[in-house]
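**Q**
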Amino acid sequence: EPGFGIWMGNFRDILVDRKANALISDFLARKIRERVKDPVVAEKLIPKNHGFGTRRVPLESGYYEVYNEPNVKLVDINETPIARITPTGVKTSDAEYEFDLIIYATGFDAITGSFDRIDIRGVDGVSLKEKWQDGPQTFLGILVDDFPNMLMVMGPHAGLGNFPRAAEYSADWVTGLIRFARDRDLTRIEATAAGAVAWTDHVIESSEGLLFTEVDSWMTGINRNVEGKQVRRIMRYSGGHPAFRKRCDAVAAEGYRELSLA
170 EPGFGIWMGN FRDILVDRKA NALISDFLAR KIRERVKDPV VAEKLIPKNH
220 GFGTRRVPLE SGYYEVYNEP NVKLVDINET PIARITPTGV KTSDAEYEFD
270 LIIYATGFDA ITGSFDRIDI RGVDGVSLKE KWQDGPQTFL GILVDDFPNM
320 LMVMGPHAGL GNFPRAAEYS ADWVTGLIRF ARDRDLTRIE ATAAGAVAWT
370 DHVIESSEGL LFTEVDSWMT GINRNVEGKQ VRRIMRYSGG HPAFRKRCDA
420 VAAEGYRELS LA
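Residue 170 is where the sequence shown starts when you use this note's numbering, and the numbers rise one by one after that.
1) Assign glutamate 359 to buried or exposed, taking buried as 16 or more other Cβ atoms, counted over all protein chains shown, within 10 Å of its Cβ.
2) In whole angstroms, give me the CA-to-CA distance for serine 376 and lysine 260.
3) So is proline 325 buried or exposed if we call it buried at 16+ other beta carbons inside 10 Å?
4) Return the chain-ordered list of same chain residues with a C-beta closer than 7 Å to the C-beta of methionine 323, the five sequence neighbours on each side being excluded.
5) Thinking just about the alpha-carbon of each residue, which of Asp278, Tyr273, Thr257 and Leu309 is nearest to the one in glutamine 399?
6) Taking just the CA atoms, how far does arginine 253 sit from glycine 408?
7) Could you name the residues that DSSP lists as bridge partners for isoleucine 251?
8) What do you reckon, are the CB atoms on glycine 477 and methionine 321 nearer than 8 Å?
9) Going straight from the alpha carbon of proline 292 to that of asparagine 394, what length do you get?
10) Roughly how many angstroms lie between the CA atoms of phenylalanine 349 and alanine 422, to the nearest whole one?
11) Any contact of the region 205 to 223 with the region 375 to 391, i.e. 3+ C-beta pairs under 8 Å?
12) Using a Cβ-Cβ cut-off of 6 Å (strictly less than) and excluding sequence neighbours within five positions of glutamate 427, which residues of its own chain qualify?
13) Mapping the DSSP letters down to three states, classify arginine 401 as helix, strand or coil.
14) Rounded to the nearest angstrom, how far is the Cβ of lysine 298 from that of valine 313, given a contact under 8 Å?
15) Please check the pair isoleucine 193 and isoleucine 215, which I expect to be a contact at CB under 8 Å, by giving their CB distance rounded to whole angstroms.
16) Given this structure, state the Cα-to-Cα distance separating alanine 289 from glutamate 238, to the nearest angstrom.
17) Which one or two residues does DSSP pair with phenylalanine 308 in a beta bridge?
18) Does the distance from the C-beta atom of arginine 204 to that of glutamate 234 stay below 8 Å?
19) Pull up the distance between the alpha-carbon of asparagine 392 and that of threonine 275, whole angstroms please.
20) Let me know if alanine 367 comes out buried or exposed under the rule of 16 or more other beta-carbons within 10 Å of its beta-carbon.
21) Which of the three DSSP states, helix, strand or coil, is assigned to leucine 192?
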């Protein structure tokens, strides 16, 4: 099935059982070998350090066939590392290549990266980056204790799914909270420390047993090019968006009593 169907619409055990994951990973490896004529190149294009679906699955249309073109060459920098960028291209340990254009693929500093680049300060001047130095801690992926009136849409620990729909729900929930505060002349909205700890613990528990937690990727907070991003973290809620919505709806229905309001 094209698109995300083979990933998100498949049997759930491919994400938790190594044998099941190996079966679909082997299937995809065979497909790559069928599409790439040079067997040496095909083997280099087959992931060896992670199983299918344990990293964010890219969508492609004709990507592998590109390697059959006579003007395309795959250079494995694990075998011949980049020595330096030259005025005309790239020099590796065994050759020099000339290019009109170089596109740098340095990876994603995802989920918390954008927040890290903003000097957000909370109570007593503590920065959000300092607060999250051992991993993000949030309430519903929307609020952070000791950071009053800071509301996030699709922050760490928020419910993920089809992104536009997930973002729309979070935006609507935040809008509802702001209206609630405005109508009651409230000027301070904040998560409690207990609420943030409880939600963060739930997020971590929801990921237990999932194979993606054993893999280095931007989904686990890893980016070798960013200082401090070499330790895996649980960055997303894996309990499903329906469960996330149910929890958020319950908080709103109870008048946001789980928050600190003033």
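A virtual CB, placed ideally from N, CA and C, is assigned to each residue, including glycine.
**A** Here's the rundown:
1) buried
2) 42 Å
3) buried
4) Ala335, Ala336 and Ser339
5) Asp278
6) 44 Å
7) Thr261
8) The structure shown has nothing for residue 477, since the chain only spans 170 to 431.
9) Before going on, a small fix: residue 292 reads as valine here, not proline. Rounded to whole angstroms, valine 292 to asparagine 394 spans 31 Å at the Cα level.
10) 11 Å
11) yes
12) Gly364 and Val420
13) coil
14) The pair is not a contact, with the Cβ atoms about 12 Å apart (cut-off 8 Å).
15) At roughly 13 Å, the Cβ-Cβ gap does not stay under 8 Å, so isoleucine 193 and isoleucine 215 are not in contact.
16) For clarity, residue 289 is isoleucine in the given sequence; the question names alanine instead. Answer to the nearest angstrom: the Cα atoms are 49 Å apart.
17) Leu312
18) yes
19) 8 Å
20) exposed
21) helix
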